[in-house]
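Participant: So that we are looking at the same thing, I have put the structure below in structure tokens.
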Amino acid sequence: MAVYAIGDIHGFSGQLDRALRLVEADGGADAPVVFLGDYTDRGPDSRGVLDRLIEGREAGRPWRFVQGNHDRMFLNFVTTGEQHDANIESRKSWLNAALGGPATLGSYGLGGEPMFLLSANGGWETLASYEVDPDRVMSGQELIGAAAEAIPDAHIRFLSDLELWVEHDDLLFVHAGLRPGIPLEQQVEDDLIWIRQGWLDDTRDHGRLVVHGHTALEHPAHHGNRVNMDGGAGYGRPLVPAVFENGEVFTLTEQGRAPLRPETG
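Using full-length UniProt numbering, the first residue of the sequence shown is number 1, and each one after it goes up by one.
This is the structure:
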């Protein structure tokens, strides 16, 4: 049975709409789709992305949703006020434009310019104030409260219910990857949504083909033991869906299926 995958969306709802049209054209309205996380941040319409995904789930579409690191950061900010993640080596705040928090908040009417303290909090970039407009400057606590009011409960529930992995026949879908050599049930969340080192250069057979995102490329790529579906939509490149069927992988284009074969050399 064919299954479809869509990589990191990062708030680009127009790209999501296009990807879903390609999936439906290939597999019909009831095609099973696994979304690989990072639905929010950087793009202009994180709210619209979550609306579309929730609408599809509530309409009974056979869709599964994996948690990405950006989804966890967004959820943590809204629910606990936490703006950092220990996995960010640069110690940037989620509210730094490079990570995309302001763009996400902007889709809920809270776009703004953050000002940071760099020497406080052990060197972590810490929000000092957030200028929504010249007449509306918020403290960190005020911004947390405003976000809690602006973001629908349905979005919080959706982000809270995301899965860490999805198994489908001989495929394993996960956001970032696996810690090689460790059984799936013993994998830790931080690796599943953040890992790069020790994973991207590992060529061993993981027992099944691992389909992931997280590490942006110019286009999805098949590495033999894994398929990286993050084609860089978060940086303005097209969101490219793929279909997995009978051991083969195809990306979907306006002209139909295009084989995605393992890279050599």
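The C-beta atom is built at its ideal place from N, Cα and C for all residues, glycine as well.
On the three-pair Cβ rule with 8 angstroms, is the segment 230-248 touching the segment 23-43?
Facilitator: yes
Participant: Tell me the DSSP secondary structure of S160 in three-state form.
Facilitator: helix
Participant: Got a sec? Which residues, its chain only, sit under 8 angstroms from I54 by beta carbon, not counting five neighbours each side?
Facilitator: In chain order, A154, H155, F158 place their CB closer than 8 angstroms to the CB of I54, counting only its own chain and leaving out the 5 sequence neighbours on each side.
Participant: Using a threshold of 8 angstroms, state whether the C-beta atoms of A5 and V211 are closer than that.
Facilitator: Yes. Within cutoff.
Participant: Mind checking if T40 is an interface residue toward chain D, Cβ cutoff 8 angstroms exclusive?
Facilitator: This model lacks chain D altogether, as it is built from one protein chain only.
Participant: Along the chain, where does the beta strand (DSSP E) containing L172 start, and where does it finish?
Facilitator: 171-174
Participant: Please name the residue in R61, E254, R72 whose C-alpha comes closest to that of R18.
Facilitator: E254
Participant: Do the segment 53-70 and the segment 136-145 make contact, defined as three or more Cβ pairs closer than 8 angstroms?
Facilitator: The count of Cβ pairs closer than 8 angstroms, one atom from the segment 53-70 and one from the segment 136-145, stays below three, leaving the stretches out of contact.
Participant: Straight-line CA distance for V249 to I151?
Facilitator: Rounded to the nearest whole angstrom, the C-alpha separation of V249 and I151 is 37 angstroms.
Participant: Could you tell me which residues DSSP pairs with D133 in its beta bridges?
Facilitator: DSSP output for D133 lists R136 as bridge partner(s).
Participant: Hey, would you say L209 sits closer than 8 angstroms to G231, going by beta carbons?
Facilitator: no
Participant: Identify the residues that DSSP records as bridge partners of V34: which are they?
Facilitator: For V34, which the question treats as bridged, DSSP gives the partners A5, R64.
Participant: How far does the beta strand (DSSP E) with V211 in it extend, from its first residue to its last?
Facilitator: Per DSSP, V211 belongs to the beta strand (DSSP E) from 209-212.
Participant: If we count the other Cβ atoms within 10 Å of its Cβ and call it buried at 16 or more, is A128 buried or exposed?
Facilitator: When all chains shown are included, A128 counts as exposed.
Participant: Quick one: grab the DSSP three-state call for A150.
Facilitator: helix
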